[in-house]
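A short write-up of the structure that comes next.
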Amino acid sequence: MNTSPRKTVLTCAQPSGKLQLGNYFGAVKNWVSVIEEYDCFFGIVDQHAITMPYSPADLRKATYETLAVYLACGLDPEKCSIFAQSHVIGHTELAWILGCICPLGQLERMTQFKDKAKRQGQNVGAGLLYYPVLMAADILLYNAHAVPVGEDQKQHIEITRDLAQKFNATYSPTFNIPEPMIPQTAARIRSLQDPTSKMSKSDPNPNGCVYLLDPPSVIRKKIASAVTDSGCDICRDDENKPGISNLLEIYSASSGKSVAELEAQYQGSNYGQFKSDVADAVIALLEPIQQRYAEYTENKDYLNEVLKKGAEAAQKIAYKTLAKVYRKAGFVERPR
Ligand code: AMP
Ligand code: TRP
Numbered sequence: 002m003n004t005s006p007r008k009t010v011l012t013c014a015q016p017s018g019k020l021q022l023g024n025y026f027g028a029v030k031n032w033v034s035v036i037e038e039y040d041c042f043f044g045i046v047d048q049h050a051i052t053m054p055y056s057p058a059d060l061r062k063a064t065y066e067t068l069a070v071y072l073a074c075g076l077d078p079e080k081c082s083i084f085a086q087s088h089v090i091g092h093t094e095l096a097w098i099l100g101c102i103c104p105l106g107q108l109e110r111m112t113q114f115k116d117k118a119k120r121q122g123q124n125v126g127a128g129l130l131y132y133p134v135l136m137a138a139d140i141l142l143y144n145a146h147a148v149p150v151g152e153d154q155k156q157h158i159e160i161t162r163d164l165a166q167k168f169n170a171t172y173s174p175t176f177n178i179p180e181p182m183i184p185q186t187a188a189r190i191r192s193l194q195d196p197t198s199k200m201s202k203s204d205p206n207p208n209g210c211v212y213l214l215d216p217p218s219v220i221r222k223k224i225a226s227a228v229t230d231s232g233c234d235i236c237r238d239d240e241n242k243p244g245i246s247n248l249l250e251i252y253s254a255s256s257g258k259s260v261a262e263l264e265a266q267y268q269g270s271n272y273g274q275f276k277s278d279v280a281d282a283v284i285a286l287l288e289p290i291q292q293r294y295a296e297y298t299e300n301k302d303y304l305n306e307v308l309k310k311g312a313e314a315a316q317k318i319a320y321k322t323l324a325k326v327y328r329k330a331g332f333v334e335r336p337r
């Protein structure tokens, strides 16, 4: 189907411009690093975003913001395809067909569905239940070999693999069985306020989380107020010094220096100086990203161009897959 000798990597993210440091080190930075090696598709999944209550104006804005952040982080649209899910015909079409072979019970048992449904109370839309099927379609439509995701998405990749296998067995071999691509070496960034839990945009304490677009003064303040411990050694000890260990991790990931190098450099130093230097390193990393972000958001025409180019490349493959799938499903060919 995809005649290119390179393997295909696809990943998607819901439109939310508010990425935090953990998203950068745990996800976006790794996407940038695979661009040279694979045919890469990055989807901004606006159709997934409407499975929870939302505002249309906010969704539109967030879609552009997300695109601008990704570009600013280094996803080069000349080397990969970045597209909006709703621009490509085939995602919802394939989801319908996969849904017809997907056991209802399996969808009802998905952890993310149960969590989100609980939060919604009485008003759970059927789209939320169908979310994993649409995600499977996102992946299979491009016949992706590998899907970079976080741990929390593993169950969704499992169901995608199940559906691919079931389709192949029910009709005939069609889809690759995609592998999750979970970077082993990526930094796991924890909350500045509760260094035993991961940094997350849903942190109850907003000071626990550094957003990529936080102004330098805010970053400095958040890092200065990061929880540490009563000791004074700057060394990694995840159990007894989770706060300092997390800051070392952040410093290392931001500066490219190893934790061991930093430990040696800060022997005998105090927490105040150390934190100030961590802040400098994070700001040095984020300032150019923020500058590029500001330029991209000013230039709507360029953002639209990127989306157009991405959608065209994605659509080409999507149509091919869809035609094949429709034929196998027994649909009469559309008269030309
Ligand atoms: P989320 O914002 O939770 O939807 O996560 C999006 C992506 O960022 C996933 O691939 C996560 O694994 C990654 N990610 C989110 N938070 C962190 C973190 N604190 N440390 C490392 N990776 C993270
Ligand atoms: N469910 C993913 C998340 O919340 C987003 C997503 C949708 C996705 N479709 C995908 C991720 C396809 C990878 C591949 O993070």
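Heads up: the sequence shown runs through residues 2 to 337, numbered per this note's numbering. Cβ coordinates follow ideal geometry from the N, Cα and C atoms, glycine included.
- Query: In terms of residue numbering, what span does the alpha helix (DSSP H) encompassing A96 cover?
  - Reply: Going by DSSP, A96 is part of the alpha helix (DSSP H) stretching over H92 to G100.
- Query: So, helix, strand or coil for F332, using DSSP?
  - Reply: Looking at F332 - three-state DSSP - the assignment turns out to be coil, as it is neither helix nor strand.
- Item | Proximity below 8 Å, CB of I83 to CB of F43 | Yes, the pair counts as a contact, with Cβ atoms nearer than the cut-off.
- Query: Where are the alpha helix (DSSP H) runs, 4 residues long or more, that stay fully inside the segment 41-68, in chain order?
  - Reply: Listed in chain order, the alpha helix (DSSP H) runs fully inside the segment 41-68 are 47-50, counting runs of at least 4 residues.
- Task: Use the C-beta contact count for I178: other C-beta atoms within 10 angstroms, 16 or more gives buried, fewer gives exposed.
- Result: That one is exposed.
- Query: What residues sit near the ligand AMP, counting only those whose C-beta is closer than 5 Å to one of its heavy atoms, in chain order?
  - Reply: For the ligand AMP, the residues with a Cβ under 5 Å from any of its heavy atoms are, in chain order, G23, N24, G27, A28, G151, R189, I190, K199 and M200.
- Message: Less than 7 Å between C-beta atoms, sequence neighbours within five positions excluded: which residues of the same chain meet that for L263?
- Response: Correct list, in chain order: L249, Y252 and S253.
- Using 7 Å as the cut-off, classify the Cβ of D234 as near or not near the heavy atoms of the ligand TRP, replying yes or no. Because no heavy atom of the ligand TRP lies under 7 Å away, the Cβ of D234 does not count as near it: no.
- Query: Below 8 Å, can you find three or more Cβ-Cβ pairs linking the segment 191-198 to the segment 226-245?
  - Reply: The segment 191-198 is in contact with the segment 226-245.
- Query: Roughly how many angstroms separate the alpha carbons of D239 and G151, rounded to a whole number?
  - Reply: So the alpha carbons of these two residues sit roughly 21 Å apart.
- Query: Where does V333 land, buried or exposed, given buried means 16+ other C-beta within 10 angstroms?
  - Reply: By the C-beta density criterion, V333 is exposed, having fewer than 16 other C-beta atoms within 10 angstroms.
- Taking 8 Å as the threshold, find out whether the segment 30-50 comes into contact with the segment 68-80 through three or more Cβ pairs. Touching, yes, given that three or more Cβ pairs across the two stretches are closer than 8 Å.
- Message: Are there any heavy atoms of the ligand TRP lying less than 7 Å away from the beta-carbon of A312, as far as the coordinates show?
- Response: Every heavy atom of the ligand TRP is 7 Å or more from the Cβ of A312, so no.
- Message: If the criterion is Cβ atoms closer than 8 Å, does the pair I160 and Q86 meet it?
- Response: No, they are not a contact pair.
- Message: Any heavy atom of the ligand TRP inside 7 Å of the beta-carbon of I160?
- Response: No, since every heavy atom of the ligand TRP falls outside the 7 Å radius drawn around the Cβ of I160.
- Message: By the DSSP assignment, the beta strand (DSSP E) with L11 in it spans what residues?
- Response: Taken as a continuous stretch (DSSP letters only), the beta strand (DSSP E) holding L11 covers T9 to A14.
- Task: Give me whichever residues DSSP pairs with A147 in a beta bridge.
- Result: V10 and E180.
- Message: Just checking L11 against the ligand TRP - is the residue's beta carbon closer than 7 Å to any of the ligand's heavy atoms?
- Response: Yes, the Cβ of L11 comes within 7 Å of a heavy atom of the ligand TRP.
- Query: Helix, strand or coil for D238 per DSSP?
  - Reply: Three-state result, D238: strand.
- What are the partner residues of K115, as DSSP defines its beta bridges? According to the DSSP secondary-structure assignment, K115 is paired through a beta bridge with no residue.
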